[in-house]
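Remarks on the structure that follows.
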Amino acid sequence: MKENKTSWLGVLATEEEVKQNGLKESNCVVNGAGNLQFYLRVISEIPNQKPENKYVVCFQNKFTGEDIVDNSKLEGKQRAEFYKKQLETCLFRFEYIDDNISEKYKCKIAENIFGNQEKERCHQIEKFITIPLITSENSSFESSEQLDKELEAGKGLFEVAGYQKSDALAIPYLIFYDKSTKDEDGEYYVTNGRDKGIPVGQKLCKHFVRSEAGHSVVFIDEKTHRTILKNLNPDFRRAKKQQKCEWNFIKHFEQTANESGLYYTVKDLINFHTAVKSSPLVILSGLSGTGKSQLVWCYAKALGLAKESLKMIPVRPNWSDDSDLIGFVDSMHSVYRPDDAGFVNTLIEASKAENQDKLYLICFDEMNLARVEHYFSQFLSILEMPEQNRFLKLYAKEYETRLYNVDKYPSSVKIGNNLRFIGTVNMDESTFHFSDKVLDRANVIQLDLVPYTEWRVGEGKKAEPEQTEPEQTEPGQTENEVWSYKKYGELVKELDLEKDILSAREREFLWKVHTTLNGCSKTLGVGPRILKQIAKYLINLPKTESEEAISRREGFDIQFVQRVLTKVRGQKEQLYDIFDENVKTSLPKLFEEYSDVSDFEKSKKMLEVKKREIENYGYTL
0 MKENKTSWLG VLATEEEVKQ NGLKESNCVV NGAGNLQFYL RVISEIPNQK PENKYVVCFQ
60 NKFTGEDIVD NSKLEGKQRA EFYKKQLETC LFRFEYIDDN ISEKYKCKIA ENIFGNQEKE
120 RCHQIEKFIT IPLITSENSS FESSEQLDKE LEAGKGLFEV AGYQKSDALA IPYLIFYDKS
180 TKDEDGEYYV TNGRDKGIPV GQKLCKHFVR SEAGHSVVFI DEKTHRTILK NLNPDFRRAK
240 KQQKCEWNFI KHFEQTANES GLYYTVKDLI NFHTAVKSSP LVILSGLSGT GKSQLVWCYA
300 KALGLAKESL KMIPVRPNWS DDSDLIGFVD SMHSVYRPDD AGFVNTLIEA SKAENQDKLY
360 LICFDEMNLA RVEHYFSQFL SILEMPEQNR FLKLYAKEYE TRLYNVDKYP SSVKIGNNLR
420 FIGTVNMDES TFHFSDKVLD RANVIQLDLV PYTEWRVGEG KKAEPEQTEP EQTEPGQTEN
480 EVWSYKKYGE LVKELDLEKD ILSAREREFL WKVHTTLNGC SKTLGVGPRI LKQIAKYLIN
540 LPKTESEEAI SRREGFDIQF VQRVLTKVRG QKEQLYDIFD ENVKTSLPKL FEEYSDVSDF
600 EKSKKMLEVK KREIENYGYT L
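Residue numbers (numbering that gives the first Met the number 0): 0 to 620.
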């Protein structure tokens, strides 16, 4: 029997709810063994975790309720009705037990259930949030003053009362109940686990639901939960506004793509947008003719960028070093010769003081027609540096006194955060494969097509980027707003290594993957750079309650594909064990072991592709 000690809140399910979910014909019945059984509807949620089942079954002998009595003199339906009328006045706290009950019940047995005479208020509330509760009984803290001292000393609190430090990313705050105060009922404090606790007013405390047995959680209705978050975080309202703004942009991006004849899922668009926000370089991969370049153009249009802010650079097969991309010094004529595509000119424009609040996109079209690590070598190093140290060297400084056009083309150009770099690639016999040096620094996105049967033919209007420019419209309009770098930058969250470097389970998984890959080849593995890049991507996922959004679990899966599996390549003799489900340390086994981190749906699909390549060709790329 598998137990889950997490507490949940429930109320008696209605007759209608029971019938709609294919359960028994009544919400309270006398079963074949002569015992009363009834169904509960779950009304609580743990942050970022839905209940395993919406409805659970409970038995009379597993229920503790002092005021609830049975009348064994009554029979059948009469007995059940007598019992049910009492249950309707209760609020229940329970725990799941996996007892392999018949699937026809579609639920799990519940035990440790407590009655609570708060039904009238609680039945009107659709959802409660479960928050960890710290008391002197389940922690070493006797007072709020002691708690504050521990916080100032840098002690984390999420390990208290059965919660791991890895849960800190999912739990918005903790509640501390201080019985040492002058108030005979004690006082409640809230803390995010890092900062000093804030007292909770009596008005809010009245809305707390806590079982008499003193369990280490408190149930808080959604409205009160939002109020606490606002009080805890002064920037809460601003953050919510930004979230709404970002989601409006994503929907506009989707509309722009559809109107341009592109059919990608919203999650693909969110993935692309998040990658551009969080990565120094984003590479779009996919079949030729699927609209990779068009997608970049649509992104620029959705941002309201003017023509000069989007630069498409067609890569040439003969590029062999960075002079092919940035130009060279013509010593015979004493001038600097920039590239023909206008790349350097765009960099210089973006670096000017008057343009630093403008957003620029630079796209390298068919990026792998030449070896990226050759012509893009400077950038691969520069983009890893802090912004203040990011300078592209055009030529040696000693030439500045000899060149006629030095005023226009200085020896070095500042590469600011207002520049975003994107590449498009086709993987065929005419292109080069990426080296690890490139893959370590890039988010490689494999774009999937929406099935043709789902195309809304006739609704979109094809717009060719060569013929149409992104429209410049007046700022302030929801759909046609011109995004400044400042506004775009507000959506970008920088990585805080103290709190954002992934959960313990996520890091544990990636370490096991690293040791597995590194055991096959010393050139394979998951380095610290990858760890940080995954973490930055996850904290930059747009936050919204929409089902179209990407959850942290999905985001981790996406990043594992884009950051780790792209580097898994080599001969069958070298790699086959990592695909073999019978090998304990294989990737399929690790996916199974760490299913609490992610479902790894995309990773499993990509692994299957690589496995087939290994079996058919003897190698994978």
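Note that the Cβ used here is the ideal one computed from N, Cα and C, for glycine as well.
Predicted model only: the values in this text are computed from it and were never measured.
- Judged by DSSP in its simplified three-state form, tryptophan 318 adopts coil rather than helix or strand.
- By the criterion of at least three beta-carbon pairs nearer than 8 Å, the segment 82 to 92 is in contact with the segment 54 to 73.
- Restricted to the segment 552 to 618, the alpha helix (DSSP H) segments that are unbroken, complete and at least 4 residues in length are 571 to 574, 586 to 592, 600 to 616, listed in chain order.
- In this chain, the beta strand (DSSP E) harbouring lysine 392 covers 390 to 392.
- For the segment 357 to 408, the full-length alpha helix (DSSP H) segments reaching 4 residues or more read 371 to 374, 376 to 381 along the chain.
- If you look at cysteine 27, you'll find it in the beta strand (DSSP E) that goes 27 to 29.
- In its chain, beyond the 5 residues on either side, Ile613, Gly617 have a beta carbon closer than 6 Å to the beta carbon of lysine 571.
- With a threshold of 16 other beta carbon atoms within 10 Å, glutamate 553 meets it and is buried.
- Three or more Cβ pairs drawn from the segment 491 to 502 and the segment 524 to 534 lie within less than 8 Å of each other, which places the two stretches in contact.
- Counting C-beta pairs with one atom in each stretch, the segment 538 to 549 and the segment 488 to 497 have three or more that are closer than 8 Å, which means they touch.
- Per DSSP, the beta-bridge partners of alanine 441 are Leu280.
- Cysteine 297 has its alpha-carbon roughly 15 Å from the corresponding atom of asparagine 247.
- In the DSSP assignment, threonine 423 is bridged to Leu283.
- In its chain, beyond the 5 residues on either side, Asp556, Phe559, Val560 have a beta carbon closer than 6 Å to the beta carbon of serine 602.
- The criterion of a C-beta distance shorter than 9 Å is not satisfied by valine 449 and tyrosine 403.
- The beta carbon of valine 217 lies closer than 6 Å to those of Ile130, Leu132, Ile174, Phe207, Arg209 in the same chain, with the five residues before and after it left out.
- For glutamine 59, there is no enclosing beta strand (DSSP E), as DSSP marks it with neither H nor E.
- Of all alpha-carbon atoms in Asp194, Glu186, Asn270, Glu141, the one lying nearest the alpha-carbon of glutamate 547 is that of Asn270.
- A straight line joining the alpha-carbon of tryptophan 454 with that of alanine 369 spans about 35 Å.
- Nearest C-alpha to aspartate 435 among Gly526, Asp321, Leu391, Lys566: Lys566.
- In the three-state reduction of the DSSP assignment, proline 198 falls in the strand class.
- Of the other Cβ atoms in all chains shown, fewer than 16 fall within 10 Å of the Cβ of asparagine 34; this residue is therefore exposed.
- The C-alpha of lysine 53 is placed about 14 Å away from the C-alpha of arginine 92.
- Non-local beta-carbon contacts of asparagine 344 in its own chain, meaning distances under 8 Å to residues more than five positions away in sequence, involve Pro337 in chain order.
- When DSSP states are grouped into helix, strand and coil, tyrosine 262 belongs to the coil group.
- CA-CA distance, threonine 619 to leucine 391, rounds to 35 Å.
- Exposed is the label assigned to glutamate 353, since fewer than 16 other Cβ atoms lie within 10 Å of its Cβ.
- Inter-segment contact for the segment 371 to 380 and the segment 315 to 326 is present: three or more beta-carbon pairs are separated by less than 8 Å.
- According to the DSSP assignment, arginine 528 belongs to the alpha helix (DSSP H) that extends over 527 to 538.
- For valine 314 against arginine 419, the beta-carbon gap comes to about 17 Å, at or over 8 Å, which does not count as contact.
- In this structure, Phe37 is the residue among Ala238, Tyr95, Phe37, Leu286 with its C-alpha nearest to the C-alpha of tyrosine 82.
- Leucine 268 and isoleucine 249 have their C-alpha atoms some 7 Å from each other.
- Annotation: alanine 299 to serine 483 spans about 12 Å, alpha carbon to alpha carbon.
- DSSP places lysine 306 within a helical segment (H, G or I) once states are collapsed to three.
- When C-alpha distances from aspartate 356 are compared across Asp194, Ile421, Lys485, the shortest belongs to Lys485.
- With 16 or more neighbouring CB atoms inside 10 Å of its own CB, aspartate 220 falls in the buried class.
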